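Numbering (my numbering), first residue to last: 1 to 593.
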């Protein structure tokens with residue numbers, strides 16, 4: 001392993017021969033070859049005191065988890081609810097564009113509406129003094145970026161488990177109009193239970209809205225950006241799919257598919273170069289998994305999966321056919337607590353071309369007129385002061401790499417995209433992996449799926465869902481083909497049960513209509529002189545006085561009618577379980593003075 005030295009600014013390990021820090025952009029060699037911009041941060045103690053004072057009475061600041069040029073992250077306790085949160089603080093020294101603060105708040109509120117077991121929730125977005133902050137769930141675990149730095153390639157069950165979980169999170173977000181825009185290992189977290197979580201949803205859009213119209217600005221992290229994102233075009237769900245495909249490639253090989261000396265060159269590779277063939281680089285990967293990742297990384301949007309739902313279903317079939325679900329979850333739990341899985345044998349990826357050398361060259365933060373700004377705030381990137389050090393991924397006690405904004409020559413990138421086809425150029429062809437001098441393993445005979453899947457929608461929060469008496473968590477269950485009994489118990493609703501039939505390979509969604517439970521009744525005591533007919537909500541219920549008469553709780557109209565007398569008419573509120581005593585009502589004779 002080549003020797004590394006820590007970055008003097010953010011302590012990220014720097015590979016031998018690198019000229020720039022990948023995380024913060026600090027020039028670690030002779031700076032004469034380019035222009036490096038370093039943004040001065042407030043001192044840790046000063047910002048800590050500022051945050052503690054500004055959030056006093058709302059949060060108790062425990063300690064700093066990490067920081068970058070745009071954000072500092074603190075572990076805090078929310079005093080009212082007594083829960084741990086991760087506070088991302090944007091300091092006052094950061095220069096926001098016009099309306100950017102409001103845009104960040106709006107996007108964070110949109111992301112806060114996402115309620116999915118694989119998405120880290122945003123609890124609150126607000127201002128405190130001169131600070132803008134986001135409160136997120138604090139996750140004890142590790143980021144996928146940390147895991148990859150230790151292990152490089154991952155076992156197949158781990159890869160499929162991560163792809164399926166992230167795919168489901170993205171499918172859910174896309175169905176609600178939220179695009180992530182910065183899918184990368186640093187924003188994929190694994191908690192101590194082995195649950196995969198996606199952080200920093202929806203935040204990048206605030207920066208994109210503000211910068212995308214500025215002279216070809218490109219927002220994202222170059223190693224994982226889609227071709228359309230690299231060209232500064234409008235992005236949609238297919239862009240997140242491409243980025244996840246790149247993450248899948250990295251999990252299988254230990255490297256991203258493209259590498260370059262500068263971010264501009266890297267963006268051009270995403271636009272015009274075909275990625276290396278994945279199969280020869282990871283011989284033990286199931287052909288279906290190789291095809292899935294390669295399809296997700298297609299240059300043309302229409303050649304990718306139609307949606308993340310189809311992507312996730314394809315991953316699920318691969319996982320089920322390999323019978324790896326329990327094994328994959330156990331591996332994720334081990335990785336989340338720092339276990340390197342040293343006893344687990346993984347087929348070593350075949351060495352690829354020079355461009356796949358593991359992070360051999362860091363990308364410059366600014367060089368000449370193409371100023372590259374690294375921003376490690378809440379999963380976003382903006383044209384502005386670059387970061388001076390790295391900040392942790394949302395809610396994790398770990399430092400991660402921030403996204404990059406390239407103020408590139410948009411005409412140059414657009415031309416590159418227009419003149420290129422989604423096949424390897426002559427240069428990339430020369431750098432394709434050399435033929436593997438070994439017999440290709442025989443492709444395994446496809447195994448017919450032996451299970452189906454039940455998913456659940458429109459289930460009230462806190463409801464208990466069971467299939468054939470077995471509790472279901474996460475909104476989905478893998479079942480054998482045949483008939484199954486679904487039971488749902490939710491507070492305030494009548495018990496629900498339904499029998500459904502699932503066939504092999506089928507994914508069936510159950511969306512029950514639950515019946516609200518009737519409120520407990522109240523009781524009414526009332527009479528009149530002379531005696532008359534009693535009506536409740538215009539329904540005749542009794543003749544003469546009543547004592548403790550059961551009536552529905554809520555707002556009710558009480559009316560008593562007697563011959564030749566003016567009626568008694570009143571709106572009253574009947575409380576569940578209580579008796580409303582209206583007493584004896586004296587009715588006035590008609591025509592009486």
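For every residue, glycine included, the Cβ atom is placed at its ideal position computed from N, Cα and C.
Remember, it's a predicted structure, so these values are computed and weren't measured experimentally.
Contacts around residue 237, its chain only, beta-carbon distance under 8 angstroms, and the 5 residues preceding and following it disregarded = 170, 174, 179, 307, 308
Give the C-beta separation of residue 77 and residue 88 to the nearest angstrom, bearing in mind that I take them to be a contact with Cβ-Cβ under 8 angstroms.
-> That belief does not hold up - the Cβ atoms of residue 77 and residue 88 are roughly 16 angstroms apart, past 8 angstroms.
Those residues which DSSP pairs with residue 56 across a bridge = Note: residue 56 sits in no beta bridge, so no partner.
When you compare each of 454, 494, 512, 475 to residue 484 by their alpha carbons, which one comes out closest?
-> 454
Own chain residues within Cβ distance below 7 angstroms of residue 420, not counting five before or after = The predicted model places residue 420 with a pLDDT of 38, which falls under 50 and marks its position as unreliable; any figure quoted below should be read in that light. Excluding positions up to five away in sequence, the list reads 271, 272.
Status (buried if at least 16 other CB within 10 Å, exposed otherwise) for residue 532 = buried
Environment of residue 86 [buried if 16+ CB atoms lie within 10 Å] = buried
Identify every run of the beta strand (DSSP E) within the segment 493–519, keeping only runs that are complete inside it and at least 3 residues long; order them along the chain.
-> 496–502, 507–510
Looking only at its own chain, which residues have a Cβ that is under 7 angstroms from the Cβ of residue 54, when we skip the five neighbours before and after it?
-> 128, 129, 131
Can residue 479 and residue 452 be called in contact, C-beta distance under 7 angstroms?
-> yes
Is it true that the CB of residue 522 sits closer than 7 angstroms to the CB of residue 563?
-> no
Nearest-angstrom Cα distance between residue 62 and residue 509?
-> 43 angstroms
Grab the span of the alpha helix (DSSP H) containing residue 582 for me, first residue to last.
-> Where residue 582 is concerned, there is no enclosing alpha helix (DSSP H), although the beta strand (DSSP E) it sits in stretches over 579–586.
Are residue 507 and residue 481 touching if we call contact CB-CB under 7 angstroms?
-> no
What does a CB cutoff of less than 7 angstroms around residue 595 pick up in its chain, not counting 5 residues either side in sequence?
-> Given a span of 1 to 593 for the chain in the structure shown, any question on residue 595 remains unanswerable.
Within the same chain, show all residues whose beta-carbon is closer than 7 angstroms to that of residue 516, passing over the 5 residues directly before and after it, in chain order.
-> 492, 493
In angstroms, rounded to a whole number, what distance separates the CA positions of residue 587 and residue 519?
-> 32 angstroms
Where does residue 297 sit, in a helix, a strand or coil, going by DSSP?
-> coil
Nearest to residue 498 by CA position, among 241, 468, 526, is which residue?
-> 468
My understanding is that residue 296 touches residue 241, with C-beta atoms under 8 angstroms, so please give their C-beta distance in whole angstroms.
-> 5 angstroms
Residues sharing a beta bridge with residue 83, DSSP = 78
Report buried or exposed for residue 434, applying the criterion of at least 16 other Cβ atoms within 10 angstroms of its Cβ.
-> Low per-residue confidence applies at residue 434: pLDDT is 43, beneath 50, and the placement is therefore not dependable, though the value from the model is reported in the following sentence. Label assigned to residue 434: exposed.
From residue 292 to residue 161, what distance separates their C-alpha atoms?
-> 14 angstroms
Could you tell me which of 190, 321, 156, 267 sits nearest to residue 283, measuring between CA atoms?
-> 156
If we count the other Cβ atoms within 10 Å of its Cβ and call it buried at 16 or more, is residue 566 buried or exposed?
-> exposed
Using the beta-carbon count (16 or more within 10 Å), is residue 304 buried or exposed?
-> buried
Span of the alpha helix (DSSP H) around residue 473 = Residue 473 -> no alpha helix (DSSP H), and no H or E assigned at all.
Would you mind stating whether residue 511 and residue 458 have Cβ atoms separated by less than 7 angstroms?
-> yes
Under a Cβ-count criterion, where at least 16 other Cβ atoms within 10 Å of its own Cβ denotes burial, should residue 581 be classed as buried or exposed?
-> exposed
7 angstroms Cβ shell around residue 489 - same chain, five flanking residues per side excluded = 463, 464, 495
Identify the residues that DSSP records as bridge partners of residue 154: which are they?
-> For residue 154, which the question treats as bridged, DSSP gives no partner whatsoever.
Take residue 466 and list the residues in its own chain whose beta-carbon comes closer than 7 angstroms to its own, dropping the five residues that flank it on each side.
-> 472, 487
DSSP three-state assignment for residue 176, whether helix, strand or coil = coil
Range covered by the alpha helix (DSSP H) that runs through residue 539 | Looking at the DSSP string, residue 539 is not in any alpha helix (DSSP H); the run it does join, the beta strand (DSSP E), is 539–543.
Sequence-distant residues of the same chain with beta carbon closer than 8 angstroms to residue 352, five excluded per side = Any reading at residue 352 needs caution, since the residue's pLDDT is 46, under 50, leaving its predicted position unreliable; the model's value is listed next. 253, 255, 276, 281, 433.
In the DSSP assignment, find the beta strand (DSSP E) that holds residue 246 and state where it starts and stops.
-> No beta strand (DSSP E) contains residue 246, which is instead part of the alpha helix (DSSP H) from 237–253.
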